[in-house]
Amino acid sequence: MSLRTIIAEAQQILSRDDVSDDQMQIFVQQGIARIQRECRLPSMERSVIITPAEAMQFMPVPRDLIQIIDVIATDPTGTYSYPLEHVAYRSLVRELSAANSPAMAVRYARQQAQLWFAGPAPPGVPLTLLYFGNFSPFAGLDGENELSASTPDLAVYAALRYAGDSVEHPSTDRWEATYRDIRETVKQMAADLENEGGINFVRPLYLED
965 MSLRTIIAEA QQILSRDDVS DDQMQIFVQQ GIARIQRECR LPSMERSVII TPAEAMQFMP
1025 VPRDLIQIID VIATDPTGTY SYPLEHVAYR SLVRELSAAN SPAMAVRYAR QQAQLWFAGP
1085 APPGVPLTLL YFGNFSPFAG LDGENELSAS TPDLAVYAAL RYAGDSVEHP STDRWEATYR
1145 DIRETVKQMA ADLENEGGIN FVRPLYLED
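Take a look at the structure:
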């Protein structure tokens, strides 16, 4: 579904002459910003794969990063992959300063726009960052993005909440309730997709080195 169609559907439900399409487009963007704050959907999952040319101690985070899911490293022989443990940045700095600092990446921490590793990521083998990212911008009114392709009704009712507040529409609370119902359904679908095909695995609080 295109941005134009989302705006048209919201306008049809709002049924008011005092909200222009340009105003509704602003409400749609406000609704999308809210969805990005509240939801972690499969359509928001991203991955970046880097193969360092030389030993790498840190890497920049993507500009659209919302939340890191996992960082997957590969051993120097390229035989197996393993997830890095997430630690606080100050803890990682202490580890890097220690005499027995790891020989290869085993932990990571984010410091502003960079990910730092305890132990370098070895050259020639891939490092994968899995994360939740912002939805892609619409390329004009006829453009689509991940949200409009997967759950456009979530965007419609998120926009209606802001439009309803703007004009003090009596149905605003009902639209907010509809938005929350759709949001919870989508979040449950995401959880079901995550758990599909096997038992849940709970990562231990502490990992042995």
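Numbering follows our numbering, in which position 43 of the sequence shown is assigned residue number 1007; successive positions increment by one, without gaps. Yeah, the Cβ is synthetic: ideal placement off N, Cα and C, and Gly gets one too.
- Item | Run of the beta strand (DSSP E) containing residue 1097, from where it starts to where it stops | The sequence position of residue 1097 within the sequence shown is 133, counting from 1. Segment 1091-1097, the beta strand (DSSP E) holding residue 1097.
- Query: DSSP three-state call for residue 1024: helix, strand or coil?
  - Reply: Translated into positions along the sequence shown, residue 1024 becomes position 60. In the three-state reduction of the DSSP assignment, residue 1024 falls in the strand class, which pools E and B.
- residue 1034 (DSSP reduced to helix, strand or coil): Residue 1034 sits at position 70 when you count from the first residue of the sequence shown. Residue 1034: strand per DSSP, three-state reduction.
- When we look at the beta-carbon of residue 1112 and count the other beta-carbons within 10 Å, is it buried (16 or more) or exposed? Walking along the sequence shown from the start, residue 1112 turns up at place 148. Answer is buried; the Cβ neighbour count reaches 16.
- Just confirm the distance between the C-beta atoms of residue 1126 and residue 1146, as a whole number of angstroms; I'd bet it's less than 8 Å. Taking the sequence shown and counting its residues from 1, the one referred to as residue 1126 is at position 162. Taking the sequence shown and counting its residues from 1, the one referred to as residue 1146 is at position 182. So it is not a contact: roughly 16 Å between Cβ atoms.
- Distance, residue 1074 Cα to residue 1050 Cα: Along the sequence shown, read from residue 1 onward, the residue named residue 1050 stands at position 86. Along the sequence shown, read from residue 1 onward, the residue named residue 1074 stands at position 110. Rounded to the nearest whole angstrom, the C-alpha separation of residue 1050 and residue 1074 is 9 Å.
- Tell me, please, which residues DSSP counts as bridged to residue 917. Residue coverage of the chain in this structure runs from 965 to 1173, which leaves residue 917 outside it and unanswerable.
- Message: So, under 8 Å CB-CB, residue 995 and residue 1141 are touching, yes? Tell me the CB distance rounded to an integer number of Å.
- Response: Taking the first residue of the sequence shown as position 1, residue 995 is located at position 31. Taking the first residue of the sequence shown as position 1, residue 1141 is located at position 177. Residue 995 to residue 1141, Cβ: 15 Å. No contact.
- Message: Tell me whether the segment 1048-1062 and the segment 1074-1089 touch, counting them as touching only if at least three CB pairs, one residue from each stretch, are closer than 8 Å.
- Response: Verdict: yes, contact present.
- Message: Spatial neighbours of residue 1086 within its chain, please: C-beta separation below 7 Å, excluding the five flanking residues on both sides.
- Response: Here residue 1086 is taken as the residue at index 122 of the sequence shown, counted from 1. Once the five neighbours on either side are set aside, the close Cβ partners of residue 1086 are 1019, 1040 and 1068.
- Under 8 Å Cβ to Cβ from residue 1106, same chain only, skipping five residues before and after it: list those, please. In the sequence shown, counting from the first residue as 1, residue 1106 sits at position 142. Hits under 8 Å: 966, 967 and 968.
- Task: Identify which residue in 1023, 1101, 1057 and 986 has its Cα closest to the Cα of residue 997.
- Result: Position 33 of the sequence shown, counted from the first residue, corresponds to residue 997. Of the candidates 1023, 1101, 1057 and 986, the one whose C-alpha sits nearest the C-alpha of residue 997 is 1101.
- Mind reading off the beta-carbon distance from residue 1029 to residue 1097? Whole number of angstroms is fine, and I expect it under 8 Å. Stepping through the sequence shown from its first residue, residue 1029 is reached at position 65. Stepping through the sequence shown from its first residue, residue 1097 is reached at position 133. Between residue 1097 and residue 1029 the Cβ distance is about 6 Å, and since that is below 8 Å, they are a contact.
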